[in-house]
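Participant:
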Amino acid sequence: MNNRFRLCIATFALIMLTACSEDDTQTASVDTSPAGPTPEQPARYETTQGSADVFVHLFEWRWPDIAAECEDFLGPNGYAAVQISPPQEHVQGPEWWTRYQPVSYKIESRGGTRAEFADMVKRCKAAGVDVYADALTNHMAGLGSGTGVAGTPYSDYSYAVPYEYDDFHHCGRYGTDTIADYQDLWEVQTCNLGTLTDLDTGNPAVQAKIAAYLKDLLSLGVAGFRLDAVKHVSHEEVSEYLALLDSKPFLFQEVIDRGGEPINGMDYVVNGSVTEFKYPIAMYEAFEDGQLGMLSDLNTRAGFLPADKAVVFVDNHDLQRGHAGGDSTLTYKNGERYDLANIFMLGWPYGYPKVMSSYVFENDQQGPPESSPVKGAACTEGWVCEHRRPSRVGMVAFRKATEAAPVTNWQAFGDEVISFGRGNKGHIVINNSEETVDGTFVTSMTAGEYCNVIAGGTAENDCNGSIVLVDDDGVLQISLAPMSAVAIHN
Ligand code: AAO
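If you want the numbering used here, it's the position in the sequence shown, counting the first as 1, plus 518.
(1) For Arg-907, which of helix, strand or coil comes out of DSSP?
(2) Would the beta-carbon of Ala-741 be found less than 8 Å away from any heavy atom of the ligand ATP?
(3) For a test of your reading of the model: does the CB of Asp-590 fall under 8 Å from any non-hydrogen atom of the ligand AAO? Yes or no.
(4) Please classify Glu-779: does DSSP put it in a helix, a strand, or coil?
(5) Of all the options Glu-754, Glu-755, Leu-732, Leu-738, which has the alpha carbon lying nearest to the alpha carbon of Arg-744?
(6) Any chance the CB of Gly-843 is under 8 Å from a heavy atom of the ligand AAO?
(7) Using the Cβ count rule (16 or more neighbours within 10 Å means buried), how would you classify Pro-680?
(8) Hey, which unbroken runs of the alpha helix (DSSP H) at 4 residues or more fall wholly within the segment 785–851?
(9) Taking 8 Å as the cut-off, is the CB of His-1011 close to at least one heavy atom of the ligand AAO?
(10) Which residues in the same chain as Val-511 place their Cβ atom closer than 7 Å to its Cβ, once the five residues preceding and following it in sequence are excluded?
(11) Do you know offhand how far Thr-550's Cα is from Ala-825's?
(12) Consider the C-beta atom of Arg-776 and the heavy atoms of the ligand AAO; say whether any pair is separated by less than 8 Å.
(13) Using 10 angstroms around the beta-carbon of Thr-920, count the other beta-carbons present and answer buried if the total reaches 16, otherwise exposed.
(14) Distance, Cα to Cα, Val-621 vs Ser-757?
(15) Is the beta carbon of Leu-711 sitting closer than 9 Å to the one on Ile-697?
(16) Return no unless some Cβ of chain E is closer than 9 Å to the Cβ of Ala-999.
(17) DSSP three-state label for Cys-689, please.
(18) Helix, strand or coil: how does DSSP classify Asn-942 here?
(19) Can you list, in chain order, the residues of its chain whose CB lies under 7 Å from that of Arg-691, leaving out five sequence neighbours each side?
(20) At a threshold of 8 Å, does Glu-794 count as lining the ligand AAO (C-beta to nearest heavy atom)?
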């Protein structure tokens, strides 16, 4: 930021803020129209602009470690749910992606045994944390034969569910049956993703076996599912196997839709929530390319899913490894910019946000560390534990405190500084620049002292952050360090 800009903020704050920003200042045009929950919607979706809740993906954490984390950290800090790695038996090997190659529907995996799984779900539930299982319904393992991690033998198109040759698609293209053309809907949903053997998901016998697997997980107390790779299953077939369940679990469907392909995320909204893969790109463009001012129209962007159907994230386990088009993704390796993007995601009322919790990796194949992620009160080396960072914890509380409040007082100063409120419930200022910003920012907050929850702590209890002051005119006067943020709430 140049000196002229800083001077502008400091000198002409309040009345002149709009004038300072010239064409950079924008007015939030967030759709706040009421849309009450339908009977099919799980309770978590009662807000009109997205969810007040936040969930976390404890990627590759083992079941006993997740159980302890639910009790010790996730529950007490208000995380609504945890996404776990696929729980079914998989091919052997140390790489993380072995979990995505099912060889049977036995609940035994690198995550732990069936008994450990049941114990985890029970303990998380008791701590107020739902468990979302990553469910693989599109395919079984890649071509080849061997023995799974629970000792079950398998070979090409033959698995212990049982599934045999006729339970799979055989698209007959390219000599390999591997998807090559994402412009061809039939091919995407009938050929193999890589060499992953593609289930004939239109076949009632296959649908019954998928439903039995999901029911088994539900019987153990699972509250919801991430449906992996459902772009490769027609949304009608997903509806058909879901209709065989006795209940309506929370669902979010992994459909990679960045536009330009015949299969759209919107097609799947009939079944439940859907991943919004344009969102991580928006976060990258804003925070890495320095275009924060463009974020005000997020809720009305063309092609974005409706707020109450979108699951949003800054990165996920594929994107952070450069897979699935992850070149333009912020991850824990991007330091403060990544944290600022997460602060924005948790503060802005769009979608159901998912916080990523990673392990340290050097290459895109590397599996998780052998050690448990948490020892005593801290995360061990090798696990990043982004979900425990004070700014995540503070913003989980912010999201709850600002539930259903629309965006107000949107202000953008240049490309790197934004300020917005959530009515009189909360306010955020983000400085994505390398310079200190001294400024005054207009809020709709009642006058008084507030805790900056970005540094952790809570407004109600001990405030670990700095105390900031909103004056009688609702103006917040603060000095923001480079690459930092302030968030306050009632
Ligand atoms: C491994 C090997 C395979 C081998 C297989 C079997 O890599 O070569 O055939 O084993 O031996 C994970 C790993 C895979 C691994 C698999 C099984 O990532 O590498 O395969 O486990 O062990 C597609 C799917 C999407 C999928 C994504 C990775 O649509 O569902 O590929 N994600 C999920 C999981 C993922 C998992 C699986 C599915 C499988 O999250 O962890 O795989 O269970 C386009 C399409 C996307 C497509 C990507 C693939 O994306 O649109 O649908 O995703 O291509 O790269 C731009 C475009 C964007 C485009 C992107 C990339 O951004 O806008 O549309 O570029 O080109």
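We treat Cβ as the ideally placed atom computed from N, Cα and C, and that holds for glycine. Nothing here was measured: the structure is a model prediction, and the numbers come from that model.
Facilitator: On the basis of the data shown:
(1) The sequence position of residue 907 within the sequence shown is 389, counting from 1. Coil.
(2) This structure lacks the ligand ATP; the ligands present are the ligand AAO.
(3) Residue 590 sits at position 72 when you count from the first residue of the sequence shown. Not under cutoff, so the answer is no.
(4) Sequence index remark: in the sequence shown, residue 779 carries index 261 (1-based). DSSP places Glu-779 outside both helix and strand once states are collapsed to three, so it counts as coil.
(5) The residue you call residue 744 lines up with position 226 of the sequence shown. Residue Leu-732 is the option with its Cα nearest to Arg-744.
(6) For the purposes of this step, residue 843 is taken as residue 325 along the sequence shown, with counting starting at 1. Under cutoff, so the answer is yes.
(7) For this step, residue 680 is matched to residue 162 along the sequence shown. Classification of Pro-680: exposed, given that the 10 Å Cβ count is below 16.
(8) You should have 796–805.
(9) Beyond the ends of the chain as shown, which are 519 and 1008, falls residue 1011; an answer cannot be given.
(10) Since the displayed the chain opens at 519 and closes at 1008, residue 511 lies outside it and no answer follows.
(11) In the sequence shown, residue 550 corresponds to position 32, counting from 1. In the sequence shown, residue 825 corresponds to position 307, counting from 1. Because the pLDDT of Thr-550 is 29, which lies under 50, any placement of that residue in the model is unreliable, and the number read from its coordinates should be weighed accordingly. A direct Cα-Cα distance of roughly 10 Å separates Thr-550 from Ala-825.
(12) Taking the first residue of the sequence shown as position 1, residue 776 is located at position 258. At least one heavy atom of the ligand AAO is nearer than 8 Å to the Cβ of Arg-776, so yes.
(13) Numbered from its first residue, the sequence shown carries residue 920 at position 402. That one is buried.
(14) Residue mapping note: residue 621 aligns to position 103 of the sequence shown, counting from 1. Residue mapping note: residue 757 aligns to position 239 of the sequence shown, counting from 1. Per the coordinates, the alpha-carbon of Val-621 lies some 24 Å from the alpha-carbon of Ser-757.
(15) Locating residue 711 in the sequence shown gives position 193, where the first residue counts as 1. Locating residue 697 in the sequence shown gives position 179, where the first residue counts as 1. Going by beta carbons, Leu-711 and Ile-697 fall inside the 9 Å limit.
(16) The question asks about chain E, but that chain is absent: this structure has only one protein chain.
(17) Your numbering for residue 689 matches position 171 in the sequence shown. Cys-689: coil per DSSP, three-state reduction.
(18) Working through the sequence shown from its first residue, we reach residue 942 at position 424. In the structure shown, Asn-942 sits in a strand (DSSP, three-state: E or B).
(19) Working through the sequence shown from its first residue, we reach residue 691 at position 173. Cβ within range, chain order: Glu-705, Cys-709.
(20) For the purposes of this step, residue 794 is taken as the residue at position 276 of the sequence shown. The answer is no for Glu-794.
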